[in-house]
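Everything on this sheet refers to the single structure shown next.
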Amino acid sequence: MPLIKNVIHRFHVKRPLTARERELRLDIRKPAGDAPHYQLSLIRLNSTFVECVDKWYAERGFGAMFGAAAFSAVAFGMWVLVTNIFKHWHPIGLFFLLVFPVLLAVTAYIFLCDAFTYTHYPIRFNRKNRQVYAFRPDGTVLKAPWDRVYWTILGHANPLGWLNVAGHVMDESGKTVLETFALSVNSTSKQGEVKLRNHFEFFRLYMQEGPAVALQRIQPVPLIMLPPIDRQKESWAFGWERITLTLNGSPLLQILAQVFFLPESLFRWIVMRTSKIPQWPQWVEDECRIEPDDPWRREPGYRDEEAIAAMQATAGARRNG
Numbered sequence: 001m002p003l004i005k006n007v008i009h010r011f012h013v014k015r016p017l018t019a020r021e022r023e024l025r026l027d028i029r030k031p032a033g034d035a036p037h038y039q040l041s042l043i044r045l046n047s048t049f050v051e052c053v054d055k056w057y058a059e060r061g062f063g064a065m066f067g068a069a070a071f072s073a074v075a076f077g078m079w080v081l082v083t084n085i086f087k088h089w090h091p092i093g094l095f096f097l098l099v100f101p102v103l104l105a106v107t108a109y110i111f112l113c114d115a116f117t118y119t120h121y122p123i124r125f126n127r128k129n130r131q132v133y134a135f136r137p138d139g140t141v142l143k144a145p146w147d148r149v150y151w152t153i154l155g156h157a158n159p160l161g162w163l164n165v166a167g168h169v170m171d172e173s174g175k176t177v178l179e180t181f182a183l184s185v186n187s188t189s190k191q192g193e194v195k196l197r198n199h200f201e202f203f204r205l206y207m208q209e210g211p212a213v214a215l216q217r218i219q220p221v222p223l224i225m226l227p228p229i230d231r232q233k234e235s236w237a238f239g240w241e242r243i244t245l246t247l248n249g250s251p252l253l254q255i256l257a258q259v260f261f262l263p264e265s266l267f268r269w270i271v272m273r274t275s276k277i278p279q280w281p282q283w284v285e286d287e288c289r290i291e292p293d294d295p296w297r298r299e300p301g302y303r304d305e306e307a308i309a310a311m312q313a314t315a316g317a318r319r320n321g
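The opening residue of the sequence shown carries number 1 in the numbering used here; numbering runs sequentially from there.
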């Protein structure tokens with residue numbers, strides 16, 4: 001059922017660039033933002049490559065929760081209809097009897113867009129061979145030259161839409177979008193474009209100037225890598241924490257939103273337990289070999305404890321001052 005499993009990950013392709021995409025293009029030769037940030041998206045980092053999660057990772061669980069809730073509501077409505085249709089016959093009842101199975105299929109479809117897929121869809125930036133690798137929903141890998149990917153901000157700033165930093169793979173003429181993948185940060189506001197640009201700037205710095213510059217520029221923010229999601233499935237506790245962090249900086253909203261976040265975290269746990277951990281094919285690993293004595297090697301679960309302690313000390317001094 002590849003269509004069901006992949007529909008949520010689709011982009012509009014085989015099309016020309018829009019005027020907005022051309023206007024918001026991100027040039028890899030120019031700084032995209034003043035405060036680069038990795039936004040808790042990194043899986044692995046070293047002198048050869050940096051690997052991050054995809055745009056859907058932070059939202060995992062929501063689709064399954066919505067699909068399950070809608071499926072339950074439709075199933076209940078269908079049960080009420082069936083138990084009463086012969087007692088209080090009306091022609092419109094036959095119409096709903098035909099519609100409800102379709103609605104059940106649609107809501108199950110939504111659930112399966114999230115569950116029974118992959119736990120995440122990693123993106124790898126190799127600065128040595130200047131290639132970008134993106135894990136596709138069907139388990140294959142997209143490989144594209146960093147210098148030829150068309151980077152832009154995709155979407156529209158409104159409450160119902162999402163903005164993402166997207167990488168377009170173009171045809172030879174440079175006019176038609178053949179394939180699209182997106183980085184992990186989402187936004188719904190015009191102001192959020194700054195956050196998106198700063199997120200892209202981290203990867204631009206890594207590819208153009210190396211890990212030393214990229215990590216130096218994020219200071220004083222400490223480097224905290226994701227847990228080893230490339231080898232094991234995340235815990236419920238981490239899933240809940242990752243969902244809650246979508247409102248980072250707004251503690252009151254984080255508390256109020258728990259009425260939604262707690263059940264969503266349960267469905268996220270179900271999604272992760274029913275999904276497969278993506279595995280890079282051997283040819284990708286061969287092209288991304290890491291030197292055994294690499295001084296910039298940062299593995300999953302790494303935390304810059306010294307920087308964390310310094311940041312906490314600074315925050316404490318401000319509160320006491």
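C-beta: ideal position from N, C-alpha, C; glycine also.
The Cβ atoms of Pro281 and Pro228 do not sit closer than 7 angstroms to each other.
The alpha-carbon of Leu183 is positioned some 10 angstroms away from that of Phe203.
Straight across, the Cα-Cα distance linking Glu285 with Gly77 is about 51 angstroms. In this structure, Val149 sits away from Leu104, with a CB-CB distance that is not shorter than 7 angstroms.
Exclusion of the five residues before and after Tyr206 leaves Val50 and Ala214 as the residues of its chain whose Cβ lies within less than 6 angstroms of its Cβ.
In this structure, the beta-carbon distance from Leu226 to Gly192 does not fall below 7 angstroms.
Where Arg29 is concerned, there is no enclosing beta strand (DSSP E), because DSSP gives it neither an H nor an E. By the neighbour-count definition (other C-beta atoms within 10 Å, threshold 16), Asp34 is an exposed residue. In this structure, Val141 sits away from Val13, with a CB-CB distance that is not shorter than 7 angstroms.
Secondary structure at His120: coil, using DSSP grouped into helix, strand and coil. Sequence-distant Cβ neighbours of Arg297 in its own chain, meaning closer than 6 angstroms and more than five residues away, are Asn46.
Excluding the 5 residues flanking it on each side, Ala108 has same chain C-beta neighbours closer than 8 angstroms at Gly67 and Phe71, in chain order.
For Gly139, the closest of Pro122, Gly155 and Glu241 by C-alpha to C-alpha distance is Pro122.
Counting along the chain, Met170 sits inside the beta strand (DSSP E) bounded by residues Leu163 to Met170. Between Tyr133 and Arg127, the CB-CB gap reaches or exceeds 7 angstroms. Boundaries of the alpha helix (DSSP H) around Trp283: Gln282 to Glu287.
Sixteen is the threshold: when 16 or more other Cβ atoms of the shown chains lie within 10 Å of the Cβ of Phe135, as they do, the residue is buried. The Cβ atoms of Pro36 and Ile308 lie no closer than 7 angstroms to each other. Taking every protein chain shown into account, the CB of Pro292 has fewer than 16 other CB atoms within 10 angstroms, so this residue is exposed. In this structure, DSSP gives Asn84 a helical state, which the three-state scheme calls helix. When rounded, the separation of the alpha-carbon atoms in Phe200 and Glu234 is 25 angstroms.
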